[in-house]
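Protein chains in written order, with full-length UniProt numbering: chain E, 1 to 251; chain H, 1 to 269. In this text, a Cβ means the ideal position worked out from N, Cα and C, and glycines have one as well. All values reported here derive from a predicted model rather than from experimental measurement.
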Amino acid sequence: MSDVIVEVSGLRKAFGTLEVLKGIDMSVRRGEVVCIIGPSGSGKSTLLRCVNLLEEPNAGTVVVNGFEMTDPDVDIDRARRGIGMVFQAFNLFGHLSVLENLTVAQRKVLKRDRDEAERIAMRNLEKVGLAEKAGSMPAQLSGGQQQRAAIARALAMDPAVMLFDEPTSALDPELVGDVLTVMRQLAEEGMTMLVVTHEMQFAREVADKVLFMDGGVVVEEGQAAQVIGEPRHERTRSFLARVLNPVHAGE
Amino acid sequence: MAMSRRKRAQVIRGVQYAVLVLAILLVVLLADWQTIGSQFFNLEAARTQIPEVITTALVNTAVYTALGFAVGFGLGLVFALMKLSSVGPYRWIATAYIEFFRGIPALLVFIALGFGVPLAFNLKFDVYSTAAIALGLVGSAYIAETLRAGIQAVPKGQIEAARSLGMSAARTNVTVVIPQAFRIILPPLTNELILLTKDSSLIYLLGLFRDDFELAKFGREGLNATNSMTPILLAGLCYLLITVPLGHLSRYLEGRTGRKSERGLKVTA
Ligand SMILES: Nc1ncnc2c1ncn2[C@@H]1O[C@H](COP(=O)(O)OP(=O)(O)OP(=O)(O)O)[C@@H](O)[C@H]1O
Ligand SMILES: [Mg+2]
Chain E
1 MSDVIVEVSG
11 LRKAFGTLEV
21 LKGIDMSVRR
31 GEVVCIIGPS
41 GSGKSTLLRC
51 VNLLEEPNAG
61 TVVVNGFEMT
71 DPDVDIDRAR
81 RGIGMVFQAF
91 NLFGHLSVLE
101 NLTVAQRKVL
111 KRDRDEAERI
121 AMRNLEKVGL
131 AEKAGSMPAQ
141 LSGGQQQRAA
151 IARALAMDPA
161 VMLFDEPTSA
171 LDPELVGDVL
181 TVMRQLAEEG
191 MTMLVVTHEM
201 QFAREVADKV
211 LFMDGGVVVE
221 EGQAAQVIGE
231 PRHERTRSFL
241 ARVLNPVHAG
251 E
Chain H
1 MAMSRRKRAQ
11 VIRGVQYAVL
21 VLAILLVVLL
31 ADWQTIGSQF
41 FNLEAARTQI
51 PEVITTALVN
61 TAVYTALGFA
71 VGFGLGLVFA
81 LMKLSSVGPY
91 RWIATAYIEF
101 FRGIPALLVF
111 IALGFGVPLA
121 FNLKFDVYST
131 AAIALGLVGS
141 AYIAETLRAG
151 IQAVPKGQIE
161 AARSLGMSAA
171 RTNVTVVIPQ
181 AFRIILPPLT
191 NELILLTKDS
201 SLIYLLGLFR
211 DDFELAKFGR
221 EGLNATNSMT
231 PILLAGLCYL
241 LITVPLGHLS
251 RYLEGRTGRK
261 SERGLKVTA
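The structure is reproduced here in structure tokens:
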């Protein structure tokens with residue numbers, strides 16, 4: 001069982017009267033890359049945010065890395081240490097340098113000393129190609145650089161699983177590639193990843209499994225080539241048609 | 001009306017200068033320079049004010065203001081946190097408090113505290129306590145709103161990022177929210193300090209002994225004693241001695257937050 005890093009069952013979430021997740025079951029195994037695709041408003045972000053309990057589910061259980069996140073008595077801060085999260089809007093700490101962004105949680109949460117924290121931070125900055133930006137402030141970086149720094153910040157905590165919520169959606173097209181390259185490399189190294197994305201090419205090439213969500217349920221799931229290449233459901237087909245051929249989407 | 005843009009700008013600038021010159025001329029012609037010289041720049045009268053206008057009055061103004069600001073900040077923080085609380089009654093109490101003290105003149109607060117409360121509770125405050133409490137109450141409503149706005153101005157994503165890294169709520173506040181809120185609130189807080197400096201003049205209502213005089217009261221006593229406007233001018237200059245540097249500090253702090261990114265850019269790029 002320890003092979004399953006994320007286990008979601010019967011997950012329900014409503015905001016007021018708006019039911020956003022209507023019973024989700026899914027799992028991510030160690031070393032697996034799972035991509036979640038689906039139209040806007042289908043509940044993808046909410047699902048991801050329920051995994052590390054940024055949103056509190058109304059029903060169902062979420063178990064991550066051995067922690068039952070939905071247990072009211074769980075040590076949530078300890079559980080979250082093992083779950084890296086990358087946001088669409090980067091969310092680097094604006095008042096701290098890039099290096100400090102990577103060391104602050106290592107030092108305050110993991111209690112690593114300054115030298116060790118900085119060593120680990122630099123190793124991760126090198127990994128995402130930003131070693132020379134260690135002293136910069138986030139506002140001085142391009143969006144792509146900020147997102148790579150945010151990935152490095154999460155990695156510095158040695159998480160068991162990484163959650164990505166549309167990490168490239170806020171980026172100019174020419175900056176998307178750098179971020180996807182980093183994510184690809186992570187996947188190759190065997191990182192367990194749960195990725196909400198609109199990058200179908202990435203999902204097709206990197207994902208072990210793809211989930212298509214619509215209206216708060218998982219409509220279809222399976223191997224990437226199957227879900228994206230030969231979708232079984234009509235809703236998946238029409239969604240993919242719109243995404244893969246955006247000229248006709250009128251967006 | 002075929003005027004070029006440059007031509008029109010020239011005309012507009014010319015008119016502005018003409019109005020300015022006219023206004024200055026009017027003041028110069030209408031003013032009674034003889035009296036102004038003897039009234040406002042009377043060295044004899046000025047000499048009677050020195051050094052107490054600094055050693056007593058300026059110091060007292062600064063002390064009253066500092067005490068009031070300290071109390072106001074403490075109260076303001078409490079009410080700001082209450083207003084942000086998830087407990088309804090806390091929010092209502094804080095809202096009522098803030099609206100009340102923001103809405104009534106400082107003058108009334110001083111009268112209530114100087115005369116009403118001693119009557120009602122059979123208490124007698126000394127000057128420092130009254131100044132601290134009255135100015136504190138007056139300032140706290142604005143300070144509470146400033147603090148609340150500053151805390152709320154920190155983007156939610158910053159908090160979520162901190163929590164997702166395993167920081168506790170308290171750790172997140174200390175490490176992420178407060179440092180960023182601090183930068184936002186420093187300029188308005190400095191402005192509030194300037195307002196309190198001026199409001200501290202209301203303490204004269206309590207009936208002060210000479211050692212407790214602050215600048216405005218000291219200046220007026222000087223006016224009565226010397227029959228000259230010079231003490232008032234002196235007191236005014238002393239206020240500026242406090243408020244102008246504070247204003248510059250406020251603008252400097254405001255600028256620094258904005259410039260931070262440019263400064264580092266030169267280093268790295
Ligand atoms: N905090 C909230 N309060 C109220 N409604 C919310 C909240 N967060 C999300 N919702 C609603 O829940 C629904 C699902 O939102 P969610 O962000 O999970 O969708 P999504 O699939 O991630 O969409 P997108 O592709 O646009 O990011 C939407 O209708 C959204 O308006
Ligand atoms: Mg989303």
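1) Hey, out of E:Arg123, E:Glu189, E:Ala150, E:Val206, whose CA is closest to E:Gln223's CA?
2) With 9 Å set as the bound, which would you pick, yes or no: does the beta-carbon of H:Glu160 sit closer than that to a beta-carbon of chain E?
3) Compute the Euclidean distance between the alpha carbons of H:Val117 and H:Leu43, then round it to the nearest angstrom.
4) Check whether the Cβ of H:Phe253 lies closer than 9 Å to any Cβ atom in chain E.
5) What residue from H:Phe209, H:Phe218, H:Ser200, H:Arg183 has the CA that sits closest to H:Gly255's CA?
6) Any C-beta of chain E within less than 8 Å: which residues of the segment 163 to 182 of chain H qualify?
7) Keeping to the same chain, check which residues put their C-beta closer than 8 Å to that of H:Thr172; ignore five residues upstream and five downstream.
8) Between which two residues does the beta strand (DSSP E) containing H:Gly222 stretch?
9) What did DSSP end up calling H:Arg210 once you bin it into helix, strand or coil?
10) Just the Cα atoms here: how many angstroms apart are H:Pro51 and H:Gly236?
11) With a cut-off of 8 Å on the beta carbons, I'd call H:Thr48 and H:Gly222 a contact; round off their distance for me.
12) Among H:Thr197, H:Gly157, H:Val174, H:Leu186, which residue has its Cα nearest to the Cα of H:Gly139?
13) Please report the straight-line C-alpha distance between E:Arg184 and E:Thr70, rounded to a whole angstrom.
14) Taking the alpha-carbon of E:Ser9 as reference, which of E:Val33, E:Ala160, E:Val64 has the nearest alpha-carbon?
15) For H:Gly157, return the contacting residues in chain E, with the cut-off set at a CB-CB distance below 7 Å.
16) Could you name the residues, in chain order, whose CB is less than 5 Å away from a heavy atom belonging to ligand 1?
17) Run through the DSSP bridge pairs and tell me what E:Gly222 is partnered with.
18) Is E:Glu166 near ligand 2, in the sense that its beta carbon is under 8 Å from a heavy atom of that ligand?
19) Using C-beta distances below 8 Å, list every residue in its chain close to E:Gly143, excluding the 5 sequence neighbours before and after it, in chain order.
20) Under a CB-based cut-off of 9 Å, is E:Asp77 close to chain H?
21) CB-CB under 6 Å to H:Leu253, same chain, minus the five flanking residues each way: which ones, in chain order?
22) Which stretch, first to last residue, makes up the alpha helix (DSSP H) that contains E:Thr168?
23) For E:Val63, which beta-bridge partners are listed by DSSP?
24) With 9 Å set as the bound, which would you pick, yes or no: does the beta-carbon of E:Ala241 sit closer than that to a beta-carbon of chain H?
25) Given this structure, state the Cα-to-Cα distance separating H:Lys124 from H:Ala225, to the nearest angstrom.
26) I want to verify the contact list: residues of chain H whose CB lies under 8 Å from the CB of E:Arg81, in sequence order.
27) Verify whether the separation of the beta carbon atoms of H:Phe110 and H:Leu206 is less than 9 Å.
28) Would you verify that the beta carbon of E:Gly144 is, or is not, closer than 9 Å to some beta carbon of chain H?
29) Under the criterion of a Cβ to heavy atom distance below 8 Å, does E:Gln88 qualify as lining ligand 2?
30) Below 7 Å between beta carbons is the criterion; list the residues of the segment 42 to 57 of chain E that meet it against any residue of chain H, in chain order.
31) Count the other CB atoms within 10 Å of the CB of E:Pro231; is the residue buried (16 or more) or exposed (fewer)?
32) Within the segment 88 to 130 of chain H, note down every full alpha helix (DSSP H) run reaching 4 residues or more, in order along the chain.
33) Using C-beta distances below 7 Å, list every residue in its chain close to residue 256 of chain E, excluding the 5 sequence neighbours before and after it, in chain order.
On the basis of the data shown:
1) Comparing alpha carbon positions, the residue from E:Arg123, E:Glu189, E:Ala150, E:Val206 closest to E:Gln223 is E:Val206.
2) The beta-carbon of H:Glu160 is placed less than 9 Å from the nearest beta-carbon of chain E.
3) Cα-Cα distance, rounded: 43 Å.
4) Checking the sequence, you will find Leu at residue 253 of chain H rather than Phe. At a cut-off of 9 Å between beta-carbon atoms, H:Leu253 makes no contact with chain E.
5) Measuring from the Cα of H:Gly255, the nearest candidate turns out to be H:Arg183.
6) Listed by position along the chain: Arg163, Ser164, Leu165, Gly166, Met167, Ser168, Arg171, Thr175, Val176, Pro179, Gln180.
7) The answer, listed in chain order, is Ile159, Ala162, Arg163.
8) H:Gly222 -> not in any beta strand (DSSP E); alpha helix (DSSP H) instead, spanning 215 to 226.
9) Helix, per DSSP.
10) Distance between the alpha carbons of H:Pro51 and H:Gly236 is about 15 Å.
11) Rounded, the Cβ-Cβ distance is 7 Å, consistent with contact.
12) Checking every option, the nearest Cα to that of H:Gly139 belongs to H:Thr197.
13) Distance between the alpha carbons of E:Arg184 and E:Thr70 is about 31 Å.
14) Nearest of E:Val33, E:Ala160, E:Val64 to E:Ser9, Cα basis: E:Val64.
15) In chain order, Phe87, Ala89, Asn91 make up the part of chain E whose C-beta sits under 7 Å from the C-beta of H:Gly157.
16) Per the Cβ criterion, the list is E:Phe15, E:Val20, E:Ser40, E:Gly41, E:Ser42, E:Gly43, E:Lys44, E:Ser45, E:Thr46.
17) Answer is E:Val210.
18) Between ligand 2 and the CB of E:Glu166, the shortest heavy atom gap is smaller than 8 Å.
19) Taking C-beta separations shorter than 8 Å and ignoring five residues to either side along the sequence, the partners of E:Gly143 in its chain run Phe90, Ala170, Leu171, Asp172, Leu175, following chain order.
20) Cβ-Cβ to chain H under 9 Å: yes for E:Asp77.
21) Around H:Leu253: Leu186, Pro187.
22) Element bounds for E:Thr168: n/a, residue is neither H nor E.
23) For E:Val63, the pairing in a beta bridge is given by DSSP as E:Glu7, E:Glu68.
24) It does not: the Cβ of E:Ala241 has no partner Cβ on chain H nearer than 9 Å.
25) Looking at the backbone, the Cα of H:Lys124 and that of H:Ala225 are separated by about 30 Å.
26) Leu165, Gly166, listed in chain order.
27) Yes, they are a contact pair.
28) Chain H has no Cβ within less than 9 Å of the Cβ of E:Gly144.
29) Yes.
30) Hits within the stretch, in order: Asn52, Leu54.
31) Within 10 angstroms of the beta-carbon of E:Pro231 lie 16 or more other beta-carbons, which makes it buried.
32) 88 to 103, 106 to 111, 117 to 121, all fully within the segment 88 to 130 of chain H.
33) This structure does not reach residue 256 of chain E, given that chain E is present from 1 up to 251, and the question cannot be answered.
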